[in-house]
Amino acid sequence: MKHLKILLLLSLFLVQDIMAQIDPSLLRRVPKDTTHQPLNMDAVYNRPFMQVGKLPVAIGGYVEANYQYLSEDGVSEGHQFQMRRLTLFISSSLNKRIKFLSEIEFEDGTKEINIEFASIDFEFSPLLNLRGGVVMNPIGAFNQNHDGPKWEFTDRPISATQMLPATWSNVGFGLFGKKYTKDWVYGYEMYLTNGFDDKIINNIENKTFLPASKENPDRFEESFNGSPLFTGKVAVRNNKIGELGLSYMGGVYNKFEEDGLVLDKKRRVNVYAVDFNTTIARTQHI
Numbered sequence: 575m576k577h578l579k580i581l582l583l584l585s586l587f588l589v590q591d592i593m594a595q596i597d598p599s600l601l602r603r604v605p606k607d608t609t610h611q612p613l614n615m616d617a618v619y620n621r622p623f624m625q626v627g628k629l630p631v632a633i634g635g636y637v638e639a640n641y642q643y644l645s646e647d648g649v650s651e652g653h654q655f656q657m658r659r660l661t662l663f664i665s666s667s668l669n670k671r672i673k674f675l676s677e678i679e680f681e682d683g684t685k686e687i688n689i690e691f692a693s694i695d696f697e698f699s700p701l702l703n704l705r706g707g708v709v710m711n712p713i714g715a716f717n718q719n720h721d722g723p724k725w726e727f728t729d730r731p732i733s734a735t736q737m738l739p740a741t742w743s744n745v746g747f748g749l750f751g752k753k754y755t756k757d758w759v760y761g762y763e764m765y766l767t768n769g770f771d772d773k774i775i776n777n778i779e780n781k782t783f784l785p786a787s788k789e790n791p792d793r794f795e796e797s798f799n800g801s802p803l804f805t806g807k808v809a810v811r812n813n814k815i816g817e818l819g820l821s822y823m824g825g826v827y828n829k830f831e832e833d834g835l836v837l838d839k840k841r842r843v844n845v846y847a848v849d850f851n852t853t854i855a856r857t858q859h860i
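Just so we're aligned, residue 575 is where the sequence shown starts under our numbering, counting upward by one.
In structure tokens, the structure reads:
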């Protein structure tokens, strides 16, 4: 542990020394593509990044903190300050058609440290791109587009925390693409990843609870049962109306075989989601 602390301190001093030698005029924001309205699937690219000169690496992030005063039946715990999360982004263009993106999240003051997203994208054409690594399963809109500063409320939607397992990411690979036609844009994503385990039915909630599988960090090392989870989504957006998305996620969640011995029949979980996003006129903030 002492070696780890010393290493972290040396890293901090090194970063401070490097930043002290950087001319502030070289720091610049990475420009965003504003020619088209983005889909929810574009959220991994639509983030605040800063770049030093012409280096091919950009860094960004945000902090989410809030104040609350809660009471129930006249009993209160008083004034509370919360450090919800600190999120860091790192991206790099390894090639004209190869991009690396990552998202590391520190929750509740480092109580939890998670790799939310870390993938390499291979771009063949707007309609055909390959993504591999730790990917966000595109089930519903919020799991794709969950960055706190984009939303007006400090708490995440109940549908994303109690019904769907947002934010839900797994190791895997898949395809995605988009097509623009005047005021319309069409997009799709499809991935094969590691999936759920039997905690979705055997948990402290005593009910079917998909977010319970987030407590299993081993899903980033191996599949619980060797059966991949499929997640797919199609979306269509009209620049004057909004975006409509249809998504599906399904796979086997139980341990049905161990060392060639059949333990149980395969039991599947199938999840369907419909989402719609729009902006009411004269309410959009800068």
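Beta carbons are placed, not taken as given, at the ideal position from N, Cα and C, and that holds for glycine.
* To do: Hey, could you find the ends of the beta strand (DSSP E) Trp758 is sitting in?
  => Where Trp758 is concerned, the enclosing beta strand (DSSP E) stretches over Trp758 to Thr767.
* Asked: Which parts of the region 622-705 are runs of the beta strand (DSSP E), unbroken and 3 residues or longer, counting only runs that do not cross its ends?
  -> Fully enclosed beta strand (DSSP E) runs of no fewer than 3 residues occupy 623-626, 631-646, 649-669, 672-681 and 686-699 of the region 622-705, in order along the chain.
* Identify whether Leu818 lies in helix, strand or coil by the three-state DSSP scheme. => strand
* Asked: So which of Gly648, Leu701, Glu638 and Leu704 has the shortest CA-CA distance to Glu679?
  -> Glu638
* **Inter-residue Cα distance where the pair is Thr767 and Gln656** => 33 angstroms
* **Gly834 (DSSP reduced to helix, strand or coil)** => coil
* Can you tell me the Cα-Cα spacing of Ser801 and Ile694, whole angstroms? -> Between Ser801 and Ile694, the C-alpha separation is close to 23 angstroms.
* To do: Report the rounded CA-to-CA distance for Arg550 versus Lys829, giving the unit in angstroms.
  => In the structure as shown, the chain begins at 575 and stops at 860. Residue 550 is therefore absent and cannot be evaluated.
* Return helix, strand or coil for Arg841, following the three-state DSSP convention. => coil
* Asked: Can you list, in chain order, the residues of its chain whose CB lies under 6 angstroms from that of Tyr822, leaving out five sequence neighbours each side?
  -> The answer, listed in chain order, is Gly806 and Tyr846.
* Any idea what DSSP makes of Ile596, helix, strand or coil? -> Only weak support exists for where Ile596 lies, its pLDDT of 49 falling under 50; the coordinates are left without a value.
* Between the C-alpha atoms of Thr755 and Met737, what's the straight-line distance to the nearest angstrom? -> 34 angstroms
* Asked: Rounded to a whole number of angstroms, what is the C-alpha to C-alpha distance between Asn717 and Ala632?
  -> So the alpha carbons of these two residues sit roughly 23 angstroms apart.
* Asked: For Leu660, which residues from the same chain have a beta carbon less than 6 angstroms from its beta carbon, with the 5 sequence-adjacent residues on both sides left out?
  -> Val637 and Phe680
* What does a CB cutoff of less than 8 angstroms around Ile672 pick up in its chain, not counting 5 residues either side in sequence? -> Contacts found: Ile694, Asp695, Phe696 and Glu697.
* Put Leu784 into one of helix, strand or coil per three-state DSSP. => helix
* **the region 700-717 contacting the region 761-778, beta-carbon criterion three pairs below 8 angstroms** => yes
* To do: Specify, as a first and last residue, the run of the beta strand (DSSP E) that Thr755 falls within.
  => Ser743 to Thr755
* **Rounded straight-line distance, which links the Cα of Leu835 to that of Ile809** => Ile is not the amino acid found at residue 809; the sequence shown has Ala there. Distance between the alpha carbons of Ala809 and Leu835 is about 42 angstroms.
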